[in-house]
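Student: Here the numbering used here is used: the first residue of the sequence shown is 2, the next is one more, and so on. We put the beta carbon where it would ideally sit given N, CA and C, even for glycine. Please read all numbers here as calculations on a predicted model, not as lab measurements.
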Amino acid sequence: MRNNKAMTALLACTLALQAPVAAGAAAPADNTAAKAVASSENTLQNAARKKGFKYESGKFYYYVNGVKLKNRWRWVKWYGKTYKAYFGPTGAAYAGTRQYGALVPAVKRISGAYYGFDRVGAMLKGTYVVNNRFYVFSSQTGKLNTSISAKLRAACKYGESTATLKRILKNIGLKPLKVQRLEGCYGDGYDIVYTYKNFQISAHENTDGSEIFFGLIAK
Numbered sequence: 002m003r004n005n006k007a008m009t010a011l012l013a014c015t016l017a018l019q020a021p022v023a024a025g026a027a028a029p030a031d032n033t034a035a036k037a038v039a040s041s042e043n044t045l046q047n048a049a050r051k052k053g054f055k056y057e058s059g060k061f062y063y064y065v066n067g068v069k070l071k072n073r074w075r076w077v078k079w080y081g082k083t084y085k086a087y088f089g090p091t092g093a094a095y096a097g098t099r100q101y102g103a104l105v106p107a108v109k110r111i112s113g114a115y116y117g118f119d120r121v122g123a124m125l126k127g128t129y130v131v132n133n134r135f136y137v138f139s140s141q142t143g144k145l146n147t148s149i150s151a152k153l154r155a156a157c158k159y160g161e162s163t164a165t166l167k168r169i170l171k172n173i174g175l176k177p178l179k180v181q182r183l184e185g186c187y188g189d190g191y192d193i194v195y196t197y198k199n200f201q202i203s204a205h206e207n208t209d210g211s212e213i214f215f216g217l218i219a220k
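1. Have a look at the DSSP bridge pairing and note the partners of residue 218.
2. DSSP three-state call for residue 50: helix, strand or coil?
3. In the DSSP assignment, what are the bridge partners of residue 127?
4. Buried or exposed: residue 90, going by 16 or more other Cβ atoms within 10 Å of its Cβ?
5. On the criterion of 16 or more Cβ atoms from any shown chain inside 10 Å, does residue 189 qualify as buried, or is it exposed?
6. Could you tell me whether the segment 190-206 touches the segment 116-133, where touching means 3 or more Cβ pairs closer than 8 Å?
7. Looking at the unbroken beta strand (DSSP E) that takes in residue 104, where does it start and where does it end?
8. Starting from residue 86, follow the beta strand (DSSP E) in both directions and report where the run begins and ends.
9. Please classify residue 26: does DSSP put it in a helix, a strand, or coil?
10. Report all residues from its chain with a CB closer than 6 Å to the CB of residue 219; omit the five preceding and five following residues, and keep chain order.
11. Do you know how far the Cα of residue 214 is from the Cα of residue 158?
12. Starting from residue 75, trace the beta strand (DSSP E) in both directions and tell me its first and last residue.
13. Please state if the CB of residue 137 and the CB of residue 173 are separated by a distance shorter than 8 Å.
14. Rounded to a whole number of angstroms, what is the C-alpha to C-alpha distance between residue 192 and residue 61?
15. Closer than 6 Å by C-beta to residue 63: which residues in its own chain qualify, once you throw out the five before and the five after it? Chain order, please.
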């Protein structure tokens, strides 16, 4: 009888000791779940707080309530400069590059018209050279003027007179900022470099005063 009572008492003590351990073992699982929920909530809150113009991994984005703006125009400000940018289907702003120190604009079609963008995504206005071709963007809307662009391109023929090219540029209000006359490398006469705001024209002046086109240089 005494042995049975002792065994019963021992079993009761054992169960009493095990009960807190079991309850404690369940706690880590509950804490892990709570931490996961909190982490997820923090991630969503951080994303929701992201707004405005951002530079990420070499590209420009614009966030509205934590979501990237896509297929939309937006005025942005970058290092004190305010300009109009377009954010494409991935959310990245259309932007050009620089090669050998010269701007290579990105030319993109948007709603049926073509626009140019510099390396920070700013919409371009004015006359530029891209891949040795003229692009004239409206000084008002930024849209590509296909007619004047085509006329300028047609006037750029190697070895032919620069008269038409210079006349068209003058008619759209462009004058060279600098003209350099260098000793000729291509026979008698002088090599001429006309420097405009966004490009240069290379030409050659013959001894009879006539001038021929050599090429375009982007700036």
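Tutor: Taking the coordinates as given:
1. 201
2. helix
3. 138
4. exposed
5. exposed
6. yes
7. 103-105
8. 82-88
9. Low confidence applies here, because residue 26 scores a pLDDT of 43, under 50, leaving its location unreliable and the question unanswered by this model.
10. 103, 130, 200
11. 6 Å
12. 73-79
13. yes
14. 42 Å
15. 54, 70, 75, 88
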